[in-house]
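This report concerns only the one structure given below.
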């Protein structure tokens, strides 16, 4: 037997040890080759009489196995090519590799010495005995397939509920929650735990003591914990409620979660062999949906690439950032200071008054306090972090900084003074960054003595929670400055996307079309509850009105007016403009921060009810929403955003399909099941159909849906965004 | 086509559907048997002339399984040539059984058929038969399943019925049922249920609470709020995005009671009635069943009533008495609102909120209630209808002869 991914040895007691160790990889993943070797190992265990049983373990420090190789899966390796039947056969044959191991007739144990996720845990579940290291706090056991739009396809949907019951398995399968070793042992997912160095010996001892081991579900007297639906009322009720909870969470948008529920429901009513076949059928169905393809690509591959700095220009030395000055200690500046200090960067936090600067640092103090009380950090580490933040009013402290980020009031005049004052203290090679969200970078750079060093670094609020940073390249910004800015974003462990300068850049510009379309609906007389519910149900994190309240209606009004005047339009000529002016200026309802906007808010700042007075300016004409109308409103909300995204590509504002997809999900929560706004167009519709639909919407609702010329061209040529706007740098890796 | 006449109707009293209820120790078979025997004995029926017994039952498992209708036919001592079939149209099963019996008579398949129903809810709990509708994830997606209580709360929210509205309706239901019992308005149909020794187990509806007031109802917590918040409200709003939230107004005091009971209606053509020496009490003019939107589920009575009236060339005003099963107060309030039916024509003797709703039996019981009331009040036509699980409605129009 020739193996390259496993080390295989038989000890003097006749117990075989298979040590999983993928050559040249930092982490074990279940790829085609290693699966075939598990098959070979099983055959060897069956045929070699000298072998009494088998123990699996890992040769990697990083973990036992991180799951299936999604890179291969993305390339179609696990579902194979050919007809539907052949593809299913291929998916099922992998399921059968684990089943054959489980029924090999000899005891098989897993000595889990590191994290085991997805296919890695499924391999363990197919072993008769599982023991995990209790001295490695980094061990996680879980089935995260659902998070990237897949379902466990190596028996996970069948073995886990048979071990711990459908109800306990539900959060692990549906939400991909992972377990610590102690939790897993408490639930019965693993049998025992022990210090790392004892694992293999204990697993071998178990193998020798249990020569007739069988999976519980292969025993005649096996009963599913918690019962089988339609046989035990409790189990039936668990599904009744579980189905509703799944629909509440997913709004019916995620094929994987539906399929997981069905696989468990149907599978539990069957014997394990038939159940595994059902799982494989659902696996196949889900893996071929646009949702799974989009989610794997964006939330797994692209997110990984982009988070490693995929769009960083090549050929520049890594920029070592030790000291950064943040000017403006408001909410944004304070948040930026915190994430910098977290990354060990010396942070000068400047404001016009010392007390304002101190208040900015206090933001970090509170976050550290919280982290300490929750055991996420120690008092010492927290103190060291706070030590790095130096609140001051003194610009001379900027000296020696590698980067300055201004986060002052959104006023070109104020910003211009700050930029000039800061640059006076900066070296020729340091970067001057602006966290503006509305003012064109090229315009701000006019104040700069070194416009090549000037760049937009757009954070999202709250900075410590939002993973994305939008980097805006101005007309004069150099490639080197871009490389430096990306290095900075990577250092603070955020995900950078790179865009070119334009009013609203990429994220604000596209996101605002969502709220604008909501306003259009409001002025058409569609009941606010309908707009809000459809917005949420179509996969957006908030309704258009609620999210407008969160950003601030005064902010929207200001941006709206500025944009209108820049485009030479009369803002108040449109019904939506009139409505915004009325609610902000006549009714003084500026949003959540004031406790009143489109909604009324309670003392805690949570939405209470939609403001009844809205009907004064927006009388309701449609107070019912049958499914056809819901579908139409849904399409309007999503397609409107996508059209804007397509325009951004046409205008060169964004240039990499991965950046656009990742940015749309991370920045403004664009329906994550789609894999992002570009995948929504490419995969869910296909550009030809998408353009046809956009044309229909244009005819029905106006030019805001008009597809740009480039999009028409692409549709005619049968192109996709990922073909036309492929990765531009070679930063791409395909680790799993 | 032959005419279908109602010759007689009987029902058991309704026992509280729990272990302390007076009918709990009586089997489903016995409940079904006793109403069949009562029909036979009151009418001196030659059962060899009864072609079929159609029996509604919503939880046909355990002791109600294996075609309880045929078992009851044999156990009641009917001729072995009488067939039996159990049917399930959820809450309208008993009425559907009557409609099927009438259809058999009209088409000539049967000369005499019995429409009936049985449900011993204290013995075979509601929902204990499982079913794809409420458990299969695939169906949950395609049907937008929510429990009926949540559906009733959707109706209340969508059509503007407040907690006070539904409670006030329920207080009135209790009053009307109490008055009807005191005046003996049900006495023609009620057959006391016998126990194993032949003694009387129950001779009246024991679920009623005539002392109910707005104050006493006001203390009850909404029954469906918690499950609503866990997920079903979200499902409801996915179908009804116009609802900002669901107003949970229903509780045990304004919903139908869980009870045990059985009922049966003797239906036949004119000729066989004459042969058997029976006098017809009413004629079945028409009937229908429809499907309606399944998440709100319980608005079918309006749709089906409009359909059957349209088929009969009648207007809502042509009906003297309406009997709509009081599954939940909002169900009745909505039908009155939608069809502009005055409350003094609707459920004149109270309903299931006071007396209880033995699922598979109720429809057959309500036919008897209406035959009795048409005779007592000297009225001509009545429409009987029920809301139905899964979004359906079944209705029957009868007239005195």
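Chains as they are written, first to last, in this note's numbering: chain A, 1 to 736; chain B, 1001 to 1401.
All C-beta atoms, glycine included, are put in the ideal place defined by N, C-alpha and C.
With fewer than 16 other Cβ atoms inside 10 Å of its own Cβ, residue 1198 (chain B) counts as exposed. By the beta-carbon neighbour count (other beta carbons within 10 angstroms, threshold 16), residue 128 (chain A) is buried. A distance below 8 angstroms separates the beta carbons of residue 662 (chain A) and residue 302 (chain A).
For the stretch 9-56 of chain A, the full-length beta strand (DSSP E) segments reaching 3 residues or more read 15-20 along the chain. Its Cα nearest to that of residue 1388 (chain B), the residue B:1289 stands out among B:1289, B:1171, B:1116 and B:1001. By the Cβ criterion, the stretch 1314-1334 of chain B is not in contact with the stretch 1014-1026 of chain B, since fewer than three pairs of Cβ atoms, one from each stretch, lie closer than 8 angstroms. Residue-level contact by beta carbon fails for residue 253 (chain A) and chain B, as no gap is shorter than 8 angstroms. The criterion of a C-beta distance shorter than 8 angstroms is satisfied by residue 1013 (chain B) and residue 1192 (chain B).
In this structure, residue 508 (chain A) keeps its C-beta atom at 8 angstroms or more from the C-beta atom of residue 1137 (chain B). In this structure, the alpha-carbon of residue 640 (chain A) lies about 7 angstroms from that of residue 514 (chain A). Residue 1316 (chain B) is outside the set of residues whose beta carbon lies under 8 angstroms from a beta carbon in chain A. Nearest to residue 441 (chain A) by alpha-carbon distance, out of A:629, A:200, A:501 and A:606, is A:501. Less than 8 angstroms separates the beta-carbon of residue 1173 (chain B) from that of residue 1353 (chain B).
Considering only A:528, A:598 and A:545, the residue with the shortest C-alpha distance to residue 512 (chain A) is A:545.
In summary, the residues of the stretch 264-282 of chain A whose CB is separated from some CB of chain B by less than 9 angstroms are 264, 265 and 266, in the order they occur in the chain. Taking every protein chain shown into account, the CB of residue 387 (chain A) has fewer than 16 other CB atoms within 10 angstroms, so this residue is exposed. Judged by DSSP secondary structure, residue 314 (chain A) falls outside any alpha helix (DSSP H); it is assigned neither H nor E. DSSP, reduced to helix, strand and coil, places residue 193 (chain A) within a strand of the structure shown.
DSSP places residue 1261 (chain B) in the uninterrupted beta strand (DSSP E) bounded by 1259-1268. Nearest to residue 1393 (chain B) by alpha-carbon distance, out of B:1378, B:1267 and B:1291, is B:1291. Burial check for residue 709 (chain A): the Cβ neighbour count within 10 Å stays below 16, so the residue is exposed. Taking C-beta separations shorter than 7 angstroms and ignoring five residues to either side along the sequence, the partners of residue 45 (chain A) in its chain run 16, 51, 54, 104 and 106, following chain order.
Taking 8 angstroms as the upper bound for CB-CB distance, residue 1360 (chain B) and residue 1265 (chain B) are not in contact here, some 14 angstroms apart.
The alpha-carbon separation between residue 439 (chain A) and residue 416 (chain A) amounts to approximately 11 angstroms. Sequence-distant Cβ neighbours of residue 1293 (chain B) in its own chain, meaning closer than 8 angstroms and more than five residues away, are 1239, 1299 and 1391.
Annotation: residue 1326 (chain B) has no Cβ neighbours in chain A at a cutoff of 8 angstroms; minimum Cβ distance is about 24 angstroms. Residue pairing by DSSP puts residue 58 (chain A) in a beta bridge opposite A:20.
DSSP places residue 129 (chain A) outside any alpha helix (DSSP H); the residue lies instead in the beta strand (DSSP E), whose first and last residues are 129-133. Rounded to the nearest whole angstrom, the CA to CA distance from residue 418 (chain A) to residue 369 (chain A) is 32 angstroms.
Contact with chain B is absent for residue 169 (chain A), since none of that chain's Cβ atoms lies less than 8 angstroms from the residue's Cβ. In this structure residue 119 (chain A) is not in contact with residue 176 (chain A), their Cβ atoms being roughly 13 angstroms apart against a cut-off of 8 angstroms. In this structure, DSSP gives residue 625 (chain A) a state outside helix and strand, which the three-state scheme calls coil. Listed along the chain, the chain A residues whose CB falls inside 7 angstroms of the CB of residue 1242 (chain B) are 527, 529, 530, 623, 624 and 625.
Per DSSP, the unbroken alpha helix (DSSP H) holding residue 1182 (chain B) starts and ends at 1163-1182. In chain B, no part has a C-beta under 8 angstroms from the C-beta of residue 354 (chain A); the shortest such distance is about 47 angstroms. Interface with chain A (8 angstroms Cβ-Cβ cutoff): residue 1230 (chain B) is included.
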